[in-house]
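One gets this note's numbering by counting positions in the sequence shown from 1 and adding 1 to each. The beta carbon of each residue, even a glycine, is placed where N, CA and C say it ideally should be.
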Amino acid sequence: MHLPDGFIDAPTAVATAGGSLVVVAYAMRRAGRLMGERTVPLLGVTAAFIFAAQMLNFPVAAGTSGHFVGAAFAAVVLGPWAAIVVMTVVVAVQAVGMADGGITALGANVLNMGVVAVLAGYLVHRALRRILPHSATGYLTSVGVAAWASVVISAALTSVELAVSGTVPLHLALPAMASVHAVIGLGEAVITITVLATVLASRPDLVRSGPLAGRIPGSRPHAHGTPGDDMAVREATDPTDDATGRPAGDATGDATTTRRRPWGFLAVALAIAVTLAVVVSPFASRAPDGLESVAEAQGFAQAGTGGWNLSPVADYRLPGISDSGLATALAGAAGTIALFAIVLLLGRSLSGRRTRVVAPPAGALHPLGGHEHTDHRHAGHSHAGHTHSTEVPEDREPHHSHTGAP
Numbered sequence: 002m003h004l005p006d007g008f009i010d011a012p013t014a015v016a017t018a019g020g021s022l023v024v025v026a027y028a029m030r031r032a033g034r035l036m037g038e039r040t041v042p043l044l045g046v047t048a049a050f051i052f053a054a055q056m057l058n059f060p061v062a063a064g065t066s067g068h069f070v071g072a073a074f075a076a077v078v079l080g081p082w083a084a085i086v087v088m089t090v091v092v093a094v095q096a097v098g099m100a101d102g103g104i105t106a107l108g109a110n111v112l113n114m115g116v117v118a119v120l121a122g123y124l125v126h127r128a129l130r131r132i133l134p135h136s137a138t139g140y141l142t143s144v145g146v147a148a149w150a151s152v153v154i155s156a157a158l159t160s161v162e163l164a165v166s167g168t169v170p171l172h173l174a175l176p177a178m179a180s181v182h183a184v185i186g187l188g189e190a191v192i193t194i195t196v197l198a199t200v201l202a203s204r205p206d207l208v209r210s211g212p213l214a215g216r217i218p219g220s221r222p223h224a225h226g227t228p229g230d231d232m233a234v235r236e237a238t239d240p241t242d243d244a245t246g247r248p249a250g251d252a253t254g255d256a257t258t259t260r261r262r263p264w265g266f267l268a269v270a271l272a273i274a275v276t277l278a279v280v281v282s283p284f285a286s287r288a289p290d291g292l293e294s295v296a297e298a299q300g301f302a303q304a305g306t307g308g309w310n311l312s313p314v315a316d317y318r319l320p321g322i323s324d325s326g327l328a329t330a331l332a333g334a335a336g337t338i339a340l341f342a343i344v345l346l347l348g349r350s351l352s353g354r355r356t357r358v359v360a361p362p363a364g365a366l367h368p369l370g371g372h373e374h375t376d377h378r379h380a381g382h383s384h385a386g387h388t389h390s391t392e393v394p395e396d397r398e399p400h401h402s403h404t405g406a407p
């Protein structure tokens, strides 16, 4: 669904780029506020997996292929704002590094796949969660429908952009794009459900909107906000370790071990993504994707221009290697690892801007140290000679103690 250069005119390209810039800037701000140290590696792995999975074109009807988009998957796992950031980086790297999607059309591609697809998938998922049973089956059903809807809605928006640009009339583009991507969306739904079910089976605490939220140690249900919001707020305010439910560094458990667990799982996930890019991608379908198929059928394929020709790994093939399969495999591995590193660094940069509330060091005076109350009354009881202690335990917030007769 990556629009090449030439499919949309300059005004449409400028308008979509401006809209994308505003939303992505806002998403970066929100994601930076909500991001915690444990969520940053998950962003990198999600980006790497989506990039690798998008290389795996699968055949659909009438000589057309489709590929995984991953917008709904990212939205469910990370929350919408972090998902927009991740999808934007993926689409940008594909355009600049692999010549997959035009440079002048980059704003439109970000808007279609990185913004609208994310928000559509997330909102459909949230709406269905209120209707469907609160079970694993109901949860995965909502995820599958959301994944399908994200692809179809993104395709519909692409049709509108093509029509506004004068490339093809809307009454021709919309039915063609919607019908072929409705089939591609089924593959999107199957992949999303399969991958998310695997994550839930092994590390349900990493999916904060999951069906077990609030029933696993260290998780909370999401009455308000987003999954990413809850995860980040917990990391900023709650000293418990998600993997065990015990306080971080608690004497009853090995804090070093529990803190390594997310990294261990994410390292395995990254290895799987690289394996997909290396082993499976050379065997991906070479049939035209949904947009290319519609362009050929409606007669506007020739509108595409060469455009950007400085991509170091154009067409997902590492230069200088005669074997096309090996060139694709190595390009996929390099791109997957590069996406992980770029998003990891970006996530650390964004999370580093967040203002952290740090407890005073041990031995610091309580703000009201030495302050006394006489006949200080609480609900249901009173204290005479109420005093504040100046002791600040190392493992918790400053507190006060009560002395005197009840």
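Here the segment 31-44 does not lie against the segment 322-335, with fewer than 3 beta-carbon pairs under 8 Å apart.
With contacts defined as CB atoms closer than 8 Å, residue 348 and residue 45 qualify as a contacting pair. Residue 337 and residue 275 have their C-alpha atoms some 6 Å from each other. Considered as a whole, the segment 267-314 harbours 291-299 as its complete alpha helix (DSSP H) runs of no fewer than 4 residues, in chain order. Residue 63 has its alpha-carbon roughly 19 Å from the corresponding atom of residue 284. With contacts defined as CB atoms closer than 8 Å, residue 340 and residue 111 fail to qualify as a contacting pair. The criterion of a C-beta distance shorter than 8 Å is satisfied by residue 312 and residue 97. With respect to the C-alpha of residue 277, the residue from 56, 145 and 14 having the closest C-alpha is 56.
Going by C-alpha positions, residue 128 is about 21 Å away from residue 192. If you look at residue 59, you'll find it in the beta strand (DSSP E) that goes 59-61. Under the 10 Å beta carbon count, residue 310 is surrounded by fewer than 16 other beta carbons and is classified as exposed. Assigned with DSSP and collapsed to three states, residue 66 falls in strand. Residue 101 has its alpha-carbon roughly 5 Å from the corresponding atom of residue 95. With a 10 Å radius around the Cβ and a threshold of 16 neighbouring Cβ atoms, residue 182 comes out buried. In this structure the segment 193-200 does not touch the segment 170-178; the number of beta carbon pairs closer than 8 Å is below three. Annotation for residue 108: the continuous alpha helix (DSSP H) segment containing it runs 107-110.
Around the beta carbon of residue 126, a 10 Å sphere encloses 16 or more other beta carbons of the protein chains shown; the residue is thus reported as buried. Residue state for residue 43 is assigned as helix, using DSSP reduced to three classes.
Cβ neighbours of residue 68 within its own chain (closer than 6 Å, five residues either side excluded): 55 and 58.
Spatial neighbours of residue 279 in its own chain (CB-CB distance under 7 Å, excluding positions within 5 residues in sequence) are listed in chain order as 330, 333 and 334. For residue 270, same chain residues with a beta-carbon under 7 Å away, outside a window of 5 residues either side, are 46 and 50 in chain order. In the three-state reduction of the DSSP assignment, residue 324 falls in the coil class. The criterion of a C-beta distance shorter than 8 Å is satisfied by residue 73 and residue 122. Counting C-beta atoms within 10 angstroms of its own C-beta, residue 6 has 16 or more neighbours from the protein chains shown and is therefore classed as buried.
Pairing residue 298 with residue 89, the inter-Cα distance amounts to about 29 Å. Boundaries cannot be given for residue 207, as no alpha helix (DSSP H) includes it and DSSP labels it neither H nor E. Under the DSSP assignment, residue 37 falls outside any alpha helix (DSSP H); it carries neither an H nor an E label.
Bounds of the alpha helix (DSSP H) holding residue 141 are 137-165.
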